[in-house]
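Q:
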Amino acid sequence: MLGNIAKKLRLLGYDSEFSSKMNDDELILKAEKENRTIITKDELLSHQARKKNVQIIHVTANNEVEQLVQIYKNLELTKSVISGAKTRCTICNSQLDPIDKNQATAKVPDGVLEQTDHFWKCSECDRIYWEGSHIKNLQKFVIRLNEKL
Ligand SMILES: [Zn+2]
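In the numbering used here, the protein residues as written are 246 to 394.
1) What's the C-alpha gap between Arg295 and Asp260?
2) Excluding five sequence neighbours on each side, which residues of the same chain lie with their C-beta closer than 6 Å to the C-beta of Lys366?
3) I'd like the span of the alpha helix (DSSP H) that includes His292, first residue to last.
4) Cβ of Glu392 within 6 Å of any heavy atom in ligand 1?
5) Under a three-way DSSP split, which group does Leu341 fall into?
6) Which word fits Thr332, buried or exposed, when buried means at least 16 other C-beta atoms lie within 10 angstroms of its C-beta?
7) Starting from Lys366, trace the alpha helix (DSSP H) both ways and give me its first and last residue.
8) Three or more C-beta pairs closer than 8 Å, one from the stretch 295-309 and one from the stretch 263-277: is that the case here?
9) Glu369: beta carbon under 6 Å from a heavy atom of ligand 1?
10) Just to confirm, is the Cβ distance from Leu247 to Ile284 under 7 Å?
11) Just the Cα atoms here: how many angstroms apart are Ser291 and Gly258?
12) Reducing DSSP to helix, strand and coil, say where Arg333 ends up.
13) Which of the three DSSP states is assigned to Thr285 in this structure?
14) Under 6 Å Cβ to Cβ from Ala349, same chain only, skipping five residues before and after it: list those, please.
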């Protein structure tokens with residue numbers, strides 16, 4: 246349900262899995278095994294996870310900024326900072342490696358190369374990230390987020 250939030254948490258550098266295919270029992274088992282916190286809007290799932298002592302954040306807000314504020318307050322995290330060094334791939338949750346501009350040349354849309362010198366590549370799926378795409382949009386989001394923390 247919160248796939249967009251999972252993607253934003255990855256951009257912010259947090260190891261975040263999401264699945265719409267797993268049922269509640271599977272999710273709780275996975276969280277238990279991997280020592281993860283479940284983030285959900287589902288009241289029943291929250292209730293069941295609490296019974297099993299799995300860490301849970303029950304999100305009730307409807308917009309993404311408010312949702313992340315709830316998550317941040319629960320995790321007792323400090324204010325967000327965006328840097329390519331911490332960002333994870335939004336597709337596969339792997340870490341990004343900085344790459345040279347010339348390694349990115351063939352793989353980014355026209356115009357991007359003139360705008361930035363900073364590129365990262367996913368260590369697993371080879372997706373390319375650069376300042377100005379994901380990261381600039383996220384910066385605006387994080388400014389709004391930080392105002393509320
Ligand atoms: Zn990836």
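From the three backbone atoms N, C-alpha and C, an ideal C-beta is built for every residue, glycine too.
A: Well, looking at it:
1) 21 Å
2) Asp342, Ile344, Ile373
3) 288-296
4) no
5) strand
6) buried
7) Counting along the chain, Lys366 falls outside any alpha helix (DSSP H), though it belongs to the beta strand (DSSP E) covering 364-367.
8) yes
9) yes
10) yes
11) 24 Å
12) strand
13) strand
14) Phe364, Ile373
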